[in-house]
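Below is one structure; the comments refer to it alone.
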Amino acid sequence: MNITITGNLGSGKSSVCKELEQLGYTIVSAGDIFRQIAAEKQMTVIQLNEAAKKDRSIDDMLDNRSTQLGKEMDHTVFDSRLAWHFVENSFKVFLLVDTKEAARRVFDGVSRSAENYRNIDEARAGLEERADLEQERFRHLYGIDYYDAGNYDLVIESTHATPKQIAQEILRNFERYQTQPFSTKVEMNLKCLFPAQVCEKAECCEHQSEHLCMDDVISLTEKNGCYYVEHDDQRVLSAIAAGKVFAQITNIRTNPQAQDKIRKLPEKSAYMVNFSKVFR
Numbered sequence: 004m005n006i007t008i009t010g011n012l013g014s015g016k017s018s019v020c021k022e023l024e025q026l027g028y029t030i031v032s033a034g035d036i037f038r039q040i041a042a043e044k045q046m047t048v049i050q051l052n053e054a055a056k057k058d059r060s061i062d063d064m065l066d067n068r069s070t071q072l073g074k075e076m077d078h079t080v081f082d083s084r085l086a087w088h089f090v091e092n093s094f095k096v097f098l099l100v101d102t103k104e105a106a107r108r109v110f111d112g113v114s115r116s117a118e119n120y121r122n123i124d125e126a127r128a129g130l131e132e133r134a135d136l137e138q139e140r141f142r143h144l145y146g147i148d149y150y151d152a153g154n155y156d157l158v159i160e161s162t163h164a165t166p167k168q169i170a171q172e173i174l175r176n177f178e179r180y181q182t183q184p185f186s187t188k189v190e191m192n193l194k195c196l197f198p199a200q201v202c203e204k205a206e207c208c209e210h211q212s213e214h215l216c217m218d219d220v221i222s223l224t225e226k227n228g229c230y231y232v233e234h235d236d237q238r239v240l241s242a243i244a245a246g247k248v249f250a251q252i253t254n255i256r257t258n259p260q261a262q263d264k265i266r267k268l269p270e271k272s273a274y275m276v277n278f279s280k281v282f283r
């Protein structure tokens, strides 16, 4: 069985895939397939990109190639915006990230020169514009809602997690997916959540837990773009102290659509303190 990984721009998909490659998985990216098609047509990647703007058949060729590779390959990770839609019977993963953190990564990363952003705020605006354009394009071409959590088996946040931690959590869930009934799971970073009450400073304990996700499933309340823990502050504090990184979310109380949509998490208000500020 294969894994398909997509996510918000700047969510760290490529870095996570590198970790999975070190663990023995073959990585196939949309860029790899695109370069292969360009070589077959004796074109440069830039030339093929320009041609694709006018010729829908190039997109179709890329999509069909992904579908075919999904049938032929096993134990493979597809790093692609839409592989989840074309690779049959894959474990579908979406990486979620705070938009400010995504902008920082892109601005500080190697892609900064290509995008030509002058500062993080400009990078953030550019990423949000690209995300909106992609959403509209995917809806027009394929009739899909890219940000519908129901498309995926695992939605996992990368804001306060390393690529290695995310890769470990993906594989833990992938193993369960193959051996037992599995429905869409949303796992957020504990340090991105806000306590319902003001918390005192805390210290991490020396004995770290084996698994990175809390055993308990928690509910959240959304207000002004911030996610508050409902009645579980102490459990979250204990989990972070024990080295936990993720929490499975069962419900987000705000409106009927909130738990079905993958939201682009906005910058937290300056006067608010989330769990990342509680630990020394």
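247 is the number that this note's numbering gives to position 244 of the sequence shown; each next residue is one higher, with no gaps.
Backbone N, C-alpha and C fix where the C-beta goes; we use that ideal spot for every residue, glycine too.
Quick check on the burial criterion: 16 or more other C-beta atoms within 10 angstroms. Buried or exposed for residue i?
{"i": "Glu209", "result": "Since pLDDT at Glu209 reaches only 48, below the 50 mark, its modelled position is unreliable, and no value is offered."}
{"i": "Val158", "result": "buried"}
{"i": "Leu23", "result": "buried"}
{"i": "Ala42", "result": "exposed"}
{"i": "Lys44", "result": "exposed"}
{"i": "Gly15", "result": "buried"}
{"i": "Val90", "result": "buried"}
{"i": "Gln25", "result": "exposed"}
{"i": "Ser83", "result": "buried"}
{"i": "Gly13", "result": "buried"}
{"i": "Gln171", "result": "buried"}
{"i": "Leu136", "result": "exposed"}
{"i": "Thr79", "result": "buried"}
{"i": "Thr9", "result": "buried"}
{"i": "Glu139", "result": "exposed"}
{"i": "Asp219", "result": "exposed"}
{"i": "Glu160", "result": "buried"}
What residue does the beta strand (DSSP E) around residue i start on, and which one ends it?
{"i": "Cys229", "result": "229-232"}
{"i": "Phe81", "result": "79-82"}
{"i": "Asn192", "result": "188-192"}
{"i": "Val96", "result": "94-99"}
{"i": "Ile159", "result": "157-160"}
{"i": "Val31", "result": "29-32"}
Rounded to whole angstroms, what is the Cα-Cα separation between residue i and residue j?
{"i": "Val19", "j": "Tyr230", "result": "25 Å"}
{"i": "Thr236", "j": "Pro198", "result": "In the sequence on display, residue 236 carries Asp and not Thr. Taking the straight line joining both Cα atoms gives about 6 Å."}
{"i": "Gln50", "j": "Thr224", "result": "48 Å"}
{"i": "Val248", "j": "Arg121", "result": "32 Å"}
{"i": "Ile123", "j": "Pro184", "result": "42 Å"}
{"i": "Arg59", "j": "Arg133", "result": "20 Å"}
{"i": "Lys188", "j": "Leu72", "result": "26 Å"}
{"i": "Thr182", "j": "Pro166", "result": "25 Å"}
{"i": "Met76", "j": "Thr29", "result": "9 Å"}
{"i": "Phe37", "j": "Glu53", "result": "12 Å"}
{"i": "Phe110", "j": "Ile221", "result": "33 Å"}
{"i": "Thr320", "j": "Lys21", "result": "Residue coverage of the chain in this structure runs from 4 to 283, which leaves residue 320 outside it and unanswerable."}
{"i": "Gly112", "j": "Asn119", "result": "11 Å"}
{"i": "Ala164", "j": "Met4", "result": "25 Å"}
{"i": "Asn154", "j": "Arg68", "result": "21 Å"}
Check for me: the alpha helix (DSSP H) holding residue i runs from which residue to which?
{"i": "Asp236", "result": "236-244"}
{"i": "Ile61", "result": "59-75"}
{"i": "Thr224", "result": "Premise fails: Thr224 lies in the beta strand (DSSP E), 221-226, not in any alpha helix (DSSP H)."}
{"i": "Val19", "result": "16-25"}
{"i": "Thr182", "result": "166-182"}
Grab me the residues of residue i's own chain with a C-beta within less than 6 Å of its C-beta, minus the 5 sequence neighbours each way, in chain order.
{"i": "Thr162", "result": "Val100, Asp101, Glu104, Asn192, Cys195"}
{"i": "Phe94", "result": "Ile6, Asp156, Phe177, Tyr180"}
{"i": "Phe141", "result": "Ile147, Tyr149"}
{"i": "Asp66", "result": "Phe89"}
Apart from the five residues just before and just after residue i, which ones in its own chain have a Cβ nearer than 8 Å to its Cβ?
{"i": "Thr70", "result": "Phe89, Val90, Glu91"}
{"i": "Cys216", "result": "Glu172, Arg175, Glu190, Lys247, Val248, Phe249, Ala250, Gln251"}
{"i": "Lys74", "result": "Glu91"}
Go through its chain and collect everything with a Cβ distance to residue i's Cβ below 7 Å, but skip five positions before and after it.
{"i": "Ala55", "result": "Ile61, Asp62"}
{"i": "Arg127", "result": "Thr102, Lys103, Ala106"}
Exercise. Answer yes if the segment 33-42 comes into contact with the segment 131-147, meaning at least three C-beta pairs across the two stretches below 8 Å, and no otherwise.
Key: no
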